Every structure is written in C-alpha cells, then in structure tokens.
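This report refers to the structure that appears directly beneath it.
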Amino acid sequence: MIRDLIRPGTILRLVVFAALIAFLLAPDRFAGLLAPLTSNGAPPIYHQSSLVDLTLSHLFTVAVSTLAAAIVAVGLAIFVTRPAGAEFLALSRAVVNIGQTFPPVAVLALSVPIMGFGEGSTRLALFLYGLLPIFENTLVGLSTLPPAVVETASAMGMTGRQRLLKVELPLAMPLIVEGIRLSAVIGLATATIGSTVAAKGLGEVIVAGLLSNNLAFIVQGGVVTGVLAVLISDGFQAVARHAAKRRGVSSGAPPAEPDEQQAAA
Amino acid sequence: MIELSHLTKVYGDIAVVNDVDMHVEAGTITVIVGTSGSGKSTLLRMVNRLVEPTEGRILVQGNDVSKMPAHELRRSIGYAIQNHGLFPHWTVARNIATVPMLLGWDRRKVAARVEELMELFQLDHAQFAGRYPHELSGGQQQRVGVARAMAAKPALLLMDEPFGALDPIIRGKAQADLKAIQRRTGTTILLVTHDMDEAIHLGDRIAVMDGGNLKQYAPAADILARPADAFVDDLIGAVDRPFHYLTLGSVGAAVEPGEAGGAPLAADASLYEGLGALLWSGRKAAPVVDAAGTPLGRVTLDSIADRAARPR
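So the protein lines, in turn, are chains A and B.
The numbering of the first sequence is UniProt numbering, which starts it at 1 and goes up by one.
The numbering of the second sequence is UniProt numbering, which starts it at 1 and goes up by one.
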C-alpha cells in the first residue's frame with residue numbers, strides 16, 4: 001500500500017493536482033508565467049468570474065450529465081440483454097449511435113430554442129454524447145461473460161434479478177467503469193463549448209480569449225480543463241483496476257500446482 | 001427418485017432427446033454415457049429445467065418439476081459442470097455458500113457447513129477459504145465446484161462431465177473421492193460422461209444414449225455382458241471388455257482355498273488390480289488377506305481369467 005503511494009506516477013499526479021489547486025485559488029501568482037502570452041498590456045489572468053466557480057460549475061455540469069448518461073445507458077444495456085428486451089438491441093444501438101454522431105454543437109443549436117440559454121442545453125448535449133461509450137461497454141461486459149458462470153448462476157437457483165445483481169453486473173463492472181470514464185473525459189472537453197450558449201464553465205475563459213485574441217486566457221482555460229480530464233481519468237482507472245483485481249483471471253493457468261500435490265497427498 | 005416418462009426435446013426438426021423413459025433409484029449413481037450430440041447433456045439439463053422439455057414429464061421425488069418455480073427447484077438440486085463455473089469474483093467460501101445463502105440460512109449455519117464441506121473435500125479451510133477461484137489449481141477448482149453443488153445437502157446431484165477438464169491422475173482420485181462421498185451421504189447422483197471407463201467405474205446403473213435415444217439402461221455388468229446393439233458394443237470396445245468386466249468384481253469373490261507365495265492381495269481390490277499384480281510379479285497365484293490381514297486363501301490367474309470370460 002505504502003509502496004503504491006510513493007511510485008513516481010503517484011507523486012507526479014499529486015504535484016499536478018497541487019499545482020492545479022494553487023492556480024485556481026491564487027491565479028494572480030501565476031500572472032508572470034502567462035504574461036508573455038499576452039500583447040498590448042492585456043491581462044494575463046481571467047478575472048470576469050472566479051476560476052474556482054467556473055471549474056466547479058464545469059465539473060458539476062459534467063458530473064450531472066455523465067451520471068444521467070450512466071443511469072440511462074447501463075439501464076438500457078441491461079434491458080436489451082434480458083430475454084424480454086433482446087429484440088430492442090438493434091434499435092437501441094441505432095439510437096445511441098445517433099446520439100454519438102450528432103455533433104454536440106448541433107445539439108446545442110437545436111436545444112437552445114427549447115431549453116433556453118445556459119446549463120440545461122449543455123447538459124442535454126453532454127448527456128446524449130455520453131450515452132454511447134457507456135452503453136457499448138456495458139453491452140460488451142454483459143454479453144461476454146463466461147457462459148459456464150452465467151449458466152451455473154441460474155442452475156444454483158438464482159432468480160433473474162439475483163443473477164444480474166450478484167453475478168453479471170459485478171463481473172461487467174470493470175468495463176462499465178471504463179465506459180463511464182470515457183464519457184466523463186469526453187464530457188469534460190466537450191463541456192467547454194457550452195459557454196457558447198452561456199453555460200458557466202471553463203469554456204468561458206477560452207471563448208473570452210478567442211474573442212479578445214488573448215492567448216493567455218485560451219491556455220489557462222485549456223490547461224485547467226486538460227489537467228482535470230487527466231486526473232479524473234486516472235481516478236476512474238484506479239477504480240476499474242480495483243474492480244478487475246477482484247475478478248482475477250477466470251480461465252487463467254492454475255498457479256497452485258504444489259498445493260494440488262499437497263492436498264492430494 | 002427420478003422418473004422420466006416419454007421425455008422428448010425437439011430443436012427445429014431434430015429430436016435431440018427422443019421419447020426417453022427412465023427410472024433412477026434413490027441413493028445410487030446413474031451414469032448417462034454417449035458420444036457428443038447424443039442428447040445426454042440435454043437430458044440432464046431438463047431435470048433442473050435449464051432446458052424445458054418439448055414433451056413428456058419428469059418427476060423428482062414424486063413432484064412434477066414443471067409445476068415448481070424453476071429457481072426453487074434448482075436450489076433443491078445440486079449441479080456441477082465440467083468447467084466448474086465458479087464465480088470468479090467470490091472467494092472459495094462464498095462460492096460454496098451460494099445455495100445456502102440463497103435459501104436464507106443463518107450465517108453461522110452457513111459458515112459451519114462451508115467448513116464441513118471443505119474438510120470433506122480435503123481443502124484446508126485456513127488456507128483456501130479466502131482464496132479466489134483463479135488462485136486454485138484445476139483439481140481444487142473442481143472440488144470446490146462439487147462442494148458448492150452439495151452445499152445445501154440436496155437429495156439429488158446432477159453432474160455434467162464433472163471430471164472432463166482434469167488430467168488422468170487427478171481425475172482418478174476425484175472419481176474415487178466422489179464415490180466415497182456419495183456412499184457416505186447417500187446422495188442420488190445423475191452424471192453425464194462420454195467416457196465408458198468413468199461410467200463403469202462410477203455407475204451403479206449406466207444409461208447409454210445415441211442420437212437422442214436411450215439404447216440401453218442397465219447395471220454395468222449387464223451392459224458389458226449383453227450390449228443391446230452394435231453401438232453399445234462399440235462404445236465398450238471389444239479389446240477392453242474383459243478388463244472392464246474385471247474391474248467390477250473383487251479379488252475376494254475369486255478366492256479359493258490353498259497357499260501361494262509372495263506379497264498378498266487385499267480381498268477388496270478389484271480383479272483387474274489382482275490380475276495386474278499377478279502378471280507383473282510373474283506369479284500364477286497370490287495369497288489373499290482381508291482388511292485385518294487375516295489370510296483367506298489364494299487367487300489364481302485361472303480363476304481370474306474365468307471371471308473375465310463372457311458370461312453364458
């Protein structure tokens with residue numbers, strides 16, 4: 001456990017996280033660093049809104065839409081892998097694929113007249129955009145379980161619901177988490193365009209930079225978003241690793257040959 | 001114990017199981033043997049309703065299985081398969097506890113039962129209870145699989161090629177252990193295999209299936225002595241038949257008065273083992289002793305040979 005903590009990768013992540021927090025709490029201390037990117041005496045640090053507020057509301061938007069996408073996509077994948085829902089498999093795949101191929105900008109453009117400016121439209125776009133990775137991963141997870149394991153679950157007398165909750169979902173969990181990770185990371189990046197419809201988020205800094213031709217704004221908005229994405233992605237991967245570790249290698253080589261002889265003796 | 005009547009399963013136009021009638025006595029091991037595609041696994045899987053019959057009826061302990069909710073039926077019947085089907089995310093102890101937990105047994109009772117079973121199957125509780133299936137060898141996984149199947153003390157145990165994935169030495173031991181455990185618990189076992197040796201070694205009765213039909217259903221000795229048709233004959237193998245036959249009798253049954261030199265044979269050893277011992281030591285006869293070591297007489301090559309001959 002201790003050895004895990006002092007690995008170089010972990011230290012690097014902690015340093016990056018500390019730097020991110022330091023920048024968000026006291027951005028003016030970094031003004032010198034960003035000043036060379038400005039011209040004509042433009043401010044190097046964005047001050048129209050607090051960077052902490054923007055970051056939190058950015059994260060909140062992504063969290064809400066990813067959570068909603070996870071609930072719907074996992075639910076849908078469960079439904080179409082049950083006997084009752086099997087015939088909807090092709091249809092739901094098509095619907096979810098459309099959600100992915102539809103550009104988020106277009107979703108924004110279409111939803112603004114309905115939902116108005118602000119977070120609502122952004123959340124809708126991210127939600128639709130986040131469905132596919134979670135749905136596909138959950139589908140793969142649930143449909144590639146070892147057949148012997150699924151059959152024994154039934155043969156032991158588990159009801160359909162018990163089989164799903166006790167066996168299928170736990171075994172598919174690493175893949176499901178991986179899907180949620182993909183959605184969250186894509187969402188973090190995509191959420192920046194929400195600022196074009198007046199959603200509060202880090203996109204606001206980037207857009208301001210684009211409008212005023214201020215490279216320092218663009219860089220600080222982009223880097224903060226990117227660092228968040230990397231850290232969150234790492235977090236999900238750690239969760240997926242933990243879930244996979246428990247699962248082990250179901251068909252792997254038996255490592256315990258000496259024990260066998262010992263037990264047989 | 002089990003009563004199959006007119007049992008039929010049709011997939012498309014093909015009757016995978018065709019009008020099978022069969023009666024299985026309580027407390028016995030019945031082995032269904034056949035080639036792949038003979039319908040033997042389908043037959044087995046209809047008993048706990050993993051497959052629903054097209055026609056016919058199955059009674060287990062007098063109850064029509066189609067009248068019971070499938071999950072309740074299955075909790076009352078043990079089930080073990082070739083690739084053990086252990087839950088990879090659960091420890092050995094949790095795997096064995098599967099059915100007792102589903103039945104809502106009290107925790108302490110479950111823990112005691114798990115410990116009892118691990119001892120029965122020679123798995124050290126302290127060492128193995130907390131391990132995951134992938135940390136076990138093939139033989140250990142198989143034992144956990146059978147232990148799990150027997151956890152809730154089912155009166156009936158279904159086994160689908162349970163030893164198929166084991167190497168020959170471990171398989172032999174697993175078969176002997178199963179037989180010993182079955183004699184102790186009195187569980188009725190219905191076991192499917194493609195291996196005639198296994199069938200003869202384990203089965204009180206053997207059912208031979210081919211192309212969905214039950215070709216012959218009889219005690220092992222009858223199958224060997226009077227195969228119903230050319231298929232059953234083939235399955236036994238002409239060369240192996242006398243040796244199979246010898247595995248069924250014990251040295252004790254062939255004892256005659258007299259003296260012989262050399263190492264004694266145990267009376268409860270099979271005639272097959274006796275023949276092997278005589279041939280390898282180059283003797284024509286050997287003394288026989290009972291379990292306590294008391295001399296009973298001797299057994300000769302001739303008397304063993306007589307018992308390997310086709311009965312008339």
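Beta carbons are placed, not taken as given, at the ideal position from N, Cα and C, and that holds for glycine.
Given the structure is predicted, the values throughout are model-derived calculations rather than measurements.
Exercise. Can you give me the start and stop residues for the alpha helix (DSSP H) that A:Met115 sits inside?
Key: Under the DSSP assignment, A:Met115 falls in the alpha helix (DSSP H) whose first and last residues are 104 to 115.
Quiz item: Hey, would you say A:Gly221 sits closer than 7 Å to A:Val197, going by beta carbons?
Solution: Taking C-beta atoms as the reference points, A:Gly221 and A:Val197 fail to come closer than 7 Å.
Quiz prompt | Contact set between A:Glu151 and chain B, taken where Cβ atoms lie within less than 8 Å | solution = Think of a sphere of 8 Å around the beta carbon of A:Glu151: the chain B residues whose beta carbon falls inside it are Leu50, Ile81, Gly85, in chain order.
Quiz prompt | Residues of the segment 82 to 111 of chain B with Cβ closer than 7 Å to any Cβ of chain A, in chain order | solution = Listed by position along the chain: Asn83, Gly85, Phe87, Pro88, His89, Thr98, Val99, Leu102.
Practice problem: Using a Cβ-Cβ cut-off of 7 Å, state whether B:His71 counts as contacting chain A. | Solution: So yes, B:His71 belongs to the interface.
Quiz item: What number of angstroms, rounded off, separates the C-alpha of A:Phe102 from the C-alpha of A:Thr190?
Solution: Using only the alpha carbons, I get a separation of about 13 Å.
Quiz prompt | Beta-carbon contacts of A:Leu89 that lie in its chain and below 7 Å, excluding the five residues immediately before and after | solution = Val80.
Quiz item: Do you know offhand how far B:Gly261's Cα is from B:Asp240's?
Solution: Cα to Cα, the separation comes out at about 29 Å.
Quiz item: Within the 7 Å Cβ cut-off, does A:Ala238 reach chain B?
Solution: Not one chain B Cβ lies under 7 Å of A:Ala238.
Exercise. Could you tell me whether any Cβ in chain B is nearer than 7 Å to the Cβ of A:Thr144?
Key: With 7 Å as the cut-off, A:Thr144 does not count as an interface residue toward chain B.
Quiz item: Based on Cα-Cα distance, which residue from B:Pro53, B:Gly39, B:Leu158 lies nearest to B:Leu7?
Solution: Residue nearest to B:Leu7 within the set B:Pro53, B:Gly39, B:Leu158 is B:Pro53 (criterion: CA-CA distance).
Quiz prompt | Endpoints, the beta strand (DSSP E) within which B:Thr300 is located | solution = Its beta strand (DSSP E) spans residues 295 to 300.
Quiz prompt | Beta carbon of B:Gly164 nearer than 7 Å to that of B:Ala15 | solution = Their beta carbons are not under 7 Å apart, which means B:Gly164 does not touch B:Ala15 by this criterion.
Quiz item: Are the C-beta atoms of B:Tyr11 and some chain A residue less than 7 Å apart?
Solution: False, the Cβ-Cβ gap to chain A never drops below 7 Å.
Quiz prompt | B:Pro100 and B:Arg113 closer than 7 Å at C-beta | solution = Yes. Within cutoff.
Quiz item: How many whole angstroms separate the CB atoms of A:Leu25 and A:Val64, which I take to be in contact at a CB cut-off of 8 Å?
Solution: In this structure, A:Leu25 and A:Val64 do not form a Cβ contact; the two beta carbons are roughly 24 Å apart against a cut-off of 8 Å.
Practice problem: Would you check if the distance between the CB atom of B:Glu115 and the CB atom of B:His125 is smaller than 7 Å? | Solution: Contact: yes.
Quiz item: What does B:Arg74 touch in chain A if you count any residue whose Cβ is under 8 Å from its own?
Solution: Chain A residues near B:Arg74: Ser154, Ala155, Met156, Gly157.
Practice problem: Go ahead and label B:His89 buried or exposed: buried means 16 or more other beta carbons lie within 10 angstroms of its beta carbon, across all protein chains shown. | Solution: Around the beta-carbon of B:His89, 16 or more other beta-carbon atoms lie within 10 Å, marking it buried.
Quiz item: Got a sec: which bits of the segment 159 to 170 of chain A sit with their beta carbon under 9 Å from any beta carbon on chain B, in order along the chain?
Solution: Against chain B - using a Cβ distance shorter than 9 Å - the residues of the segment 159 to 170 of chain A are Thr159, Gly160, Gln162, Lys166, Val167, Pro170.
Quiz item: Do residue 314 of chain B and B:Leu296 have their C-beta atoms closer together than 7 Å?
Solution: The structure shown does not extend to residue 314 of chain B, since chain B spans only 1 to 312, so no value can be given for it.
Quiz item: Under the DSSP definition of a beta bridge, which residues are partnered with B:Ala285?
Solution: B:Thr300, per the DSSP bridge assignment.
Exercise. Within the same chain, show all residues whose beta-carbon is closer than 8 Å to that of B:Asp64, passing over the 5 residues directly before and after it, in chain order.
Key: Contacts found: Arg57, Ile58.
Quiz item: Measuring CA to CA, which of B:Gly34, B:Ala26, B:Val24 is closest to B:Phe231?
Solution: Of the listed residues, the one whose Cα sits closest to B:Phe231 is B:Gly34.
Quiz prompt | Under 8 Å by beta carbon: chain B residues contacting A:Ala77 | solution = Within chain B, no residue comes near A:Ala77; the closest Cβ sits about 19 Å away, beyond 8 Å.
Quiz item: Which residue from A:Leu12, A:Leu14, A:Ala19, A:Ala208 puts its Cα closest to that of A:Val224?
Solution: When C-alpha distances from A:Val224 are compared across A:Leu12, A:Leu14, A:Ala19, A:Ala208, the shortest belongs to A:Ala19.
Quiz prompt | Straight-line gap, A:Gly157 to B:Ala149 (C-alpha atoms, nearest Å) | solution = It is roughly 11 Å from the alpha-carbon of A:Gly157 to the alpha-carbon of B:Ala149.
Quiz item: Is A:Arg161 helix, strand or coil when you go by DSSP?
Solution: Three-state DSSP puts A:Arg161 in a helix.
Quiz item: Are any of the Cβ atoms in chain B nearer than 7 Å to that of A:Ala86?
Solution: No, A:Ala86 does not count as interfacial toward chain B.
Quiz prompt | Rounded separation between A:Ala125 and A:Val107 - CA only | solution = Computed Cα separation, rounded: 5 Å.
Quiz item: By the 10 Å Cβ neighbour count, where 16 or more other Cβ atoms means buried, how is A:Asn214 classified, buried or exposed?
Solution: Its Cβ being crowded by 16 or more others within 10 Å, A:Asn214 is buried.
Self-check item: Endpoints, the alpha helix (DSSP H) within which B:Arg75 is located
Solution: Looking at the DSSP string, the run of the alpha helix (DSSP H) that includes B:Arg75 is 70 to 75.
Self-check item: For B:Asp234 and residue 313 of chain B, the rounded distance between their alpha carbons
Solution: Any question about residue 313 of chain B goes unanswered here, given that chain B covers just 1 to 312.
Quiz item: Run through DSSP, which three-state label would A:Gly203 get?
Solution: Residue state, collapsed to three classes: helix.
Quiz prompt | Chain-ordered neighbours of A:Ala148 on chain B, where CB pairs are closer than 7 Å | solution = The contacting residues are Ile81, Asn83, Gly85.
Quiz item: For the candidate residues B:Val92, B:Arg45, B:Ser36, whose alpha-carbon lies nearest to that of B:Ala70?
Solution: Closest option to B:Ala70, Cα to Cα, is B:Arg45.
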